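Peer 1: Please see the structure below; I have some questions.
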Amino acid sequence: MITATTDRRTAVSLFSRLRTAEGQKDPFPIYTELRSRGGVVPAPWGGFLVTHYDLCDRILRSNKWLEPDTRWREKQGLRTRWSAPSAREISRTLPALNPPEHTRVRRAAGGFDRSTVQQIGQRVERIVETLLISLTRQVHEGEVDFAALISEELPVATVGDWLALPPADWPRLRELTHEQVFTQELLPSASQLARSDLAMVELRNYFVELVRERRRHLREDPVSRWITAWDAMEPDQDKADEAVYFLALFVLLAALETTSTLLSTVTLQLIENPDHWNLLITRPNLVPAFVEESLRFDPPSHVISRVAANDCTLDGVDVRADDMVHLMIGAAHRDPARHANPDRFDPHRKPGHLAFSGGLHYCLGAPLARLEAQTLLRQLVRRLPRLTLVRRPVMAPRVAFRRLLNLDVALA
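Now the structure itself:
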C-alpha cells in the first residue's frame, strides 16, 4: 500500500538524486520514476509535486490556483526562504502578482505586438549576424564555447538594446541575473540565497537610478513609456517610479536567464544529431517547430509553483488553501498520456508544452524568446558548416532553472 509517508520518502530519494551532477545532466529517468507514483505526490518539505501534463495544464489555466505572492510569503514566517530579501523583492514583480494587481501591472507593461516584434526582429537579425561572424572566425581556429559566445550574448544584447541600456553594463547585469535566480530555485541553500540577496541589492540600485535618469530625460524607449503609463495610473510619483523599477527588473530577468538556456538547448539538439542539421538546411520552414519541440523536450524551467486559493481535491488528493504545488514541467512534458514516444526528439510532433506557463501568467516575453531562437537557428545552419559537440555540457547546480555552463563545439 502506498501512503503519504512512503510517497514522501520516495520523493526525498528522488530529489536527492536530482541534486547530483548526474541527475542535473539527465533528470528525465528520475522524472519517470516520480511520475509513476501518481499525478500528485507529497513533496518532502510539504505541499505537493504534480507530474502529469493534464493536471499541470489545468492548474496553470485555473483562477483557483494563485502565485505565491507577497501576502502568501509573509504568512510563511520570518525564518523561511520566503523571507529572504531577494525573495521578498521578486514577489513584487509581474510574474508573482495575482489579480487585481497583476491585471493593473500587465496593462501598464503592454506587450510585444506585431510591430514591436518586427522592430526587435531587425535588431536580432543584426546581432545574430555579428555574433556568428565572430563564432565562424574562432571555430575555424579550434573549439569554441557556443554558450559563452552566443547563448549568453544574444539575449543581453537584445534586451539591453531594446531598453537602451549602456552596452558597458550588459556583462555585469548578466552576471547578476545568474546570481539572482537562486531565490527562485526549488530548494536554494543558505549560501545561494545570500548570493541572490547581494545580487538583488545591486540590481535594485541600478534600475532605481535608471528610472530616475529616464524620468529626467524621457525618450522613445520602453522605460520612458512605462513612466508615462504609470503617471497616468498612479498620482504618487514615488509609487509610480517604484512600479516602473519592478517592470524593468522583471523584463531583464525574464529576458536573460531562460532565453539563454533555450538558445543552448536548441543548439545542442541541432548539433547532437547530424540529421537534424541536414533537416533544417533542406527545410528551414521547420525551424519554428524545432524550437517548440526543444521547449517541450528540455524546457528552460522545469518547475512552476502555485498555491491553492481554497481547499480542494486534486486528482483524489486533498489540498488545503495556501498549500503549495510544484508543477514538475520537465516531467509533465514527457508524460506518455500527452505525447507518444515522449523521450524522442521529434520536430514533426504536434506542438504542446507548458514552457511559457499558461493562462493568466502566460509568459509576456514568449514572442521575444521564440524570435531569438528561430533567428539563431536559421542563420546558424545557413552560415556555418555543421558543428559537432566536443564534450558534454556541465549543468549548473539547479533543479528548477536549467543552465548549460558550457557548450563546446568544433567544426565537424
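Okay, so the sequence shown: first residue is 109 according to our numbering, each after it adds one.
Note that beta-carbon positions come from the ideal geometry of N, C-alpha and C, so glycine has one too.
Predicted, not measured: the structure shown is a model, and the values here were computed from it.
(1) Excluding the five sequence neighbours on either side, which residues of its own chain have a C-beta within less than 7 Å of the C-beta of A439, listed in chain order?
(2) Report, in whole angstroms, the separation of the C-beta atoms of L476 and A363, which I expect to be a contact under 8 Å.
(3) Roughly how many angstroms separate the alpha carbons of Q482 and A508, rounded to a whole number?
(4) Distance check for G146 and A112, CA to CA, integer angstroms please.
(5) Which one or two residues does DSSP pair with R414 in a beta bridge?
(6) Going by other Cβ atoms of all chains shown within 10 Å of its Cβ, with 16 needed for buried, is N206 buried or exposed?
(7) Between the Cα of Q487 and the Cα atoms of R166, I167, L239, which residue gives the shortest distance?
(8) Taking P396 as part of the alpha helix (DSSP H), name the residues at either end of that continuous run.
(9) Please classify D344 as buried or exposed, where buried requires at least 16 other C-beta atoms within 10 Å of its C-beta.
(10) When we look at the beta-carbon of P208 and count the other beta-carbons within 10 Å, is it buried (16 or more) or exposed?
(11) What's the C-alpha gap between S409 and E480?
(12) Any idea which residues DSSP pairs P150 with across the strands?
(13) Kindly indicate which three-state DSSP category V425 falls into: helix, strand or coil?
(14) List the whole-angstrom C-beta distance separating D443 from Y161, where the pair is believed to meet the contact cut-off of C-beta under 8 Å.
(15) For the alpha helix (DSSP H) containing L361, name the first residue and the last one.
(16) May I ask you to report which of helix, strand or coil DSSP gives A504?
(17) Hey, how far is the Cα of L294 from the Cα of A256?
(18) What do you reckon, are the CB atoms on F315 and L284 nearer than 7 Å?
(19) Taking all protein chains shown into account, do 16 or more other C-beta atoms lie within 10 angstroms of the C-beta of G219, making it buried, or fewer, making it exposed?
(20) Kindly indicate which three-state DSSP category A112 falls into: helix, strand or coil?
(21) With distances taken from CA atoms, which of S402, V411, I437 is nearest K458?
(22) Mark V236 as exposed unless 16 or more other C-beta atoms lie within 10 angstroms of its C-beta, in which case mark it buried.
(23) Which residue from R490, L519, L485 puts its Cα closest to that of L497?
Peer 2: With the structure as the only source:
(1) In the sequence shown, counting from the first residue as 1, residue 439 sits at position 331. The answer, listed in chain order, is Y139, L142, R143, T159.
(2) For the purposes of this step, residue 476 is identified with residue 368 of the sequence shown, where counting begins at 1. For the purposes of this step, residue 363 is identified with residue 255 of the sequence shown, where counting begins at 1. Contact flag correct, Cβ pair sits at about 7 Å.
(3) Locating residue 482 in the sequence shown gives position 374, where the first residue counts as 1. Locating residue 508 in the sequence shown gives position 400, where the first residue counts as 1. Taking the straight line from one Cα to the other gives about 24 Å.
(4) Looking up residue 112 in the sequence shown gives position 4. Looking up residue 146 in the sequence shown gives position 38. Model confidence at A112 stands at a pLDDT of 49, short of 50, so the residue's coordinates are unreliable and nothing is read from them.
(5) The count along the sequence shown starts at 1 and reaches residue 414 at position 306. V433, per the DSSP bridge assignment.
(6) Here residue 206 refers to the residue found at position 98 of the sequence shown. With 16 or more other Cβ atoms within 10 Å, it is buried.
(7) Here residue 487 refers to the residue found at position 379 when the sequence shown is read from its first residue. Among R166, I167, L239, the Cα nearest to that of Q487 is on L239.
(8) Residue numbering aside, residue 396 sits at position 288 when the sequence shown is read from its first letter. Unbroken alpha helix (DSSP H) run through P396: 395 to 405.
(9) Translated into the one-based positions of the sequence shown, residue 344 becomes position 236. Exposed, by the Cβ-count rule.
(10) The residue labelled residue 208 in the question sits at position 100 within the sequence shown. By the Cβ-count criterion, P208 is exposed, with fewer than 16 other Cβ atoms from all chains shown falling within 10 Å of its own Cβ.
(11) Here the question's residue 409 lines up with position 301 in the sequence shown. Here the question's residue 480 lines up with position 372 in the sequence shown. One C-alpha to the other measures close to 17 Å.
(12) For the purposes of this step, residue 150 is taken as residue 42 along the sequence shown, with counting starting at 1. Answer by DSSP bridge pairing, in chain order: F156.
(13) Along the sequence shown, read from residue 1 onward, the residue named residue 425 stands at position 317. DSSP, read as helix, strand or coil, puts V425 in strand.
(14) Mapped onto the sequence shown, residue 443 falls at position 335. Mapped onto the sequence shown, residue 161 falls at position 53. The beta-carbon distance between D443 and Y161, rounded to whole angstroms, is 4 Å. This is short enough to meet the 8 Å contact definition.
(15) Translated into positions along the sequence shown, residue 361 becomes position 253. Its alpha helix (DSSP H) spans residues 345 to 380.
(16) Translated into positions along the sequence shown, residue 504 becomes position 396. When DSSP states are grouped into helix, strand and coil, A504 belongs to the coil group.
(17) On the sequence shown, position 186 is the one that residue 294 refers to. On the sequence shown, position 148 is the one that residue 256 refers to. In a straight line, the C-alpha of L294 is about 25 Å away from that of A256.
(18) For the purposes of this step, residue 315 is identified with residue 207 of the sequence shown, where counting begins at 1. For the purposes of this step, residue 284 is identified with residue 176 of the sequence shown, where counting begins at 1. Going by C-beta atoms, F315 is not nearer than 7 Å to L284.
(19) The count along the sequence shown starts at 1 and reaches residue 219 at position 111. With a 10 Å radius around the Cβ and a threshold of 16 neighbouring Cβ atoms, G219 comes out exposed.
(20) Looking up residue 112 in the sequence shown gives position 4. Note that A112 scores 49 on pLDDT, short of 50, meaning its location in the model is unreliable and no value can be drawn from it.
(21) Here the question's residue 458 lines up with position 350 in the sequence shown. Checked all of S402, V411, I437; the closest Cα to K458 is S402.
(22) Stepping through the sequence shown from its first residue, residue 236 is reached at position 128. Flag for V236 reads buried.
(23) Against the sequence shown, residue 497 aligns to sequence position 389. Minimum Cα-Cα distance from L497 among the listed residues R490, L519, L485 corresponds to L519.
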